[in-house]
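Written out below as structure tokens is the structure these notes cover.
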Amino acid sequence: GTMPFNLRNFEEEKKAKMGVTECVNHNLIEPFKVLFEKANEIVAQFKFTVLLMANGPHRITGLPFDMGHYESELAINDPELKILLSSSVNPNVIKKKKKKICIPEMEVQDGTNIQ
């Protein structure tokens, strides 16, 4: 498959080919698939990188897209697809405040207080 880089750019092309083949075999990298649209189909493509974190997905690359700048005479009618398209890849996560642990003061025999 095609990769987003050229193996000829490496100093030792044979070693690079072996390394890339090994990475593909172990699913560490995937070939860059050439995409094409069918005749009379309208396609929009947006690419970005997302980190899958414990607190949810986090988008780290890609340009912002303001839909207010564009108009179309076409519309999406599938309700499931509309929900998917309206979902965010960078959801706002509300952080919970940690409760402070209160340690009661104790009075020692000499009259001083300690915590």
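When we follow the numbering used here, the leftmost residue of the sequence shown carries the number 1013, and every step to the right adds one.
Ideal Cβ positions, reconstructed from N, Cα and C, are used throughout, including at glycine.
Fair warning: this is a prediction, and the values are worked out from it, not measured in the lab.
Identified DSSP bridge partners for residue i
| i | result |
| --- | --- |
| H1070 | L1063 |
Sub-7 angstroms separation of residue i and residue j beta-carbons
| i | j | result |
| --- | --- | --- |
| L1019 | K1029 | yes |
| F1060 | G1080 | no |
Cβ distance (whole Å) where residue i is taken to contact residue j below 8 angstroms
| i | j | result |
| --- | --- | --- |
| V1062 | V1101 | 6 angstroms |
| F1077 | F1058 | 7 angstroms |
Under the three-state DSSP convention, the category residue i falls into
| i | result |
| --- | --- |
| S1099 | coil |
| P1076 | coil |
| K1050 | coil |
| H1170 | Absent from the model: residue 1170. The displayed extent of the chain is 1013 to 1127, so no value can be given. |
| L1086 | coil |
| A1056 | coil |
| E1092 | helix |
| E1025 | helix |
Of the residues the options, the one placed nearest residue i, counting alpha carbons only
| i | options | result |
| --- | --- | --- |
| E1053 | K1045, L1086 and E1024 | L1086 |
| R1071 | L1040, V1036, S1099 and E1024 | S1099 |
| K1045 | F1017, L1097 and Y1082 | F1017 |
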